[in-house]
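Engineer:
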Amino acid sequence: MIQIAPSILSADFLNLEKDVDLVNKYADILHFDVMDGVFVPNISFGFPVIEAVARKAEKPMDVHLMIVNPEKYVDRFAQAGASMISFHLNASDDPGALLRHIRSLGVKAGLVINPDIPVEHLFPYLVDADYVLLMSVFAGFGGQKFIEATYDRIRTLKAEIERQGLVIPIEIDGGVSASNAAALADAGAEILVAGSAVFKAADPEAVIRAMRP
Numbered sequence: 016m017i018q019i020a021p022s023i024l025s026a027d028f029l030n031l032e033k034d035v036d037l038v039n040k041y042a043d044i045l046h047f048d049v050m051d052g053v054f055v056p057n058i059s060f061g062f063p064v065i066e067a068v069a070r071k072a073e074k075p076m077d078v079h080l081m082i083v084n085p086e087k088y089v090d091r092f093a094q095a096g097a098s099m100i101s102f103h104l105n106a107s108d109d110p111g112a113l114l115r116h117i118r119s120l121g122v123k124a125g126l127v128i129n130p131d132i133p134v135e136h137l138f139p140y141l142v143d144a145d146y147v148l149l150m151s152v153f154a155g156f157g158g159q160k161f162i163e164a165t166y167d168r169i170r171t172l173k174a175e176i177e178r179q180g181l182v183i184p185i186e187i188d189g190g191v192s193a194s195n196a197a198a199l200a201d202a203g204a205e206i207l208v209a210g211s212a213v214f215k216a217a218d219p220e221a222v223i224r225a226m227r228p
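The sequence shown begins at 16 in this note's numbering and counts up one residue at a time.
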């Protein structure tokens with residue numbers, strides 16, 4: 016089953032409760048892109064926003080950390096209300112240990128890679144992950160076009176997950192919309208992150224429906 020995870024980064028921050036309610040009613044997961052201005056060039060938001068949303072969220076909160084030293088902060092994000100926490104493979108000196116620590120907090124642990132990192136680099140860590148996030152654009156940069164090579168990357172990763180006998184959803188983030196949702200699902204993706212495609216739409220509910228194959 017495909018799960019739709021609208022990204023709060025594209026929500027209306029003057030009317031954030033309204034957009035959280037939208038996700039509660041029509042989507043499956045609330046996605047948070049946390050950027051520190053160091054690992055990626057932009058800065059987004061931190062604990063106060065996540066804690067505020069947690070008071071209204073009825074769906075799981077998925078926190079994607081685009082930050083250096085993620086091990087310093089995962090406990091705090093778990094306390095803030097995260098149900099899922101993912102970090103970039105190249106942001107940690109010991110990804111396996113960090114995945115296991117996140118799990119020990121009672122939170123699902125995810126590992127992320129940008130499009131220029133071969134998916135094979137994820138293979139040794141799959142056993143410790145609850146999900147994997149493949150970026151279909153480069154993290155932290157706005158206005159990018161969906162990278163078509165993502166489909167083959169999903170297929171390669173899906174085949175390895177099955178070879179290892181694991182059940183790990185593949186999440187896709189970047190340039191996702193109703194126009195490519197079905198193809199992503201066919202390739203093996205199960206969680207689709209969409210920001211402006213949902214929150215900037217005239218009819219967000221219709222877009223979410225259209226993204227479910």
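All C-beta atoms in this analysis are idealised placements derived from N, C-alpha and C, irrespective of residue type, glycine included.
Check the C-beta distance from P130 over to S151 and give it rounded, since I have them as a contact under 8 Å.
Structural biologist: Rounded, the Cβ-Cβ distance is 7 Å, consistent with contact.
Engineer: Quick one: Cα of K87 to Cα of D145, how far?
Structural biologist: Computed Cα separation, rounded: 20 Å.
Engineer: So, with DSSP's three-state summary, where would you put A72?
Structural biologist: It is coil, neither helix nor strand.
Engineer: Shortest alpha-carbon distance to I82 belongs to which of V55, R224 and A20?
Structural biologist: For the residues V55, R224 and A20, the minimum Cα distance to I82 belongs to V55.
Engineer: State the start and end residues of the unbroken alpha helix (DSSP H) segment that holds G111.
Structural biologist: Residues P110 to S119.
Engineer: Quick one: give me the first and last residue of the alpha helix (DSSP H) that D90 is part of.
Structural biologist: V89 to A95 is the extent of the alpha helix (DSSP H) around D90.
Engineer: Can you give me the Cβ contacts of A197 inside the same chain, cut-off strictly under 8 Å, excluding the 5 residues immediately before and after it?
Structural biologist: Around A197: P228.
Engineer: Could you tell me the alpha carbon to alpha carbon distance between V122 and D218, rounded to whole angstroms?
Structural biologist: Going from the Cα of V122 to the Cα of D218 covers about 32 Å.
Engineer: Kindly indicate the opening and closing residues of the beta strand (DSSP E) around D48.
Structural biologist: Element bounds for D48: L45 to M50.
Engineer: Just verifying my parser: in three-state terms, what is the DSSP assignment at F102?
Structural biologist: Strand.
Engineer: Give the straight-line distance between the Cα atoms of D224 and Y166, rounded to the nearest whole angstrom.
Structural biologist: For the sequence presented, residue 224 should be read as Arg rather than Asp. Their Cα atoms are separated by approximately 22 Å.
Engineer: From A181 to K173, what does the alpha carbon distance come to, in whole angstroms?
Structural biologist: Per the sequence presented here, residue 181 reads as Leu, with Ala not at that position. Whole-angstrom Cα-Cα distance: 10 Å.
Engineer: Leaving aside the five residues before and after S25 along the sequence, list all residues of the same chain whose C-beta is less than 6 Å from its C-beta, in chain order.
Structural biologist: Here the set comprises G210, S211 and F214.
Engineer: For V222, which residues from the same chain have a beta carbon less than 7 Å from its beta carbon, with the 5 sequence-adjacent residues on both sides left out?
Structural biologist: Correct list, in chain order: A193, A212, V213 and A216.
Engineer: Nearest-angstrom Cα distance between G203 and T171?
Structural biologist: Roughly 10 Å separates the two Cα atoms.
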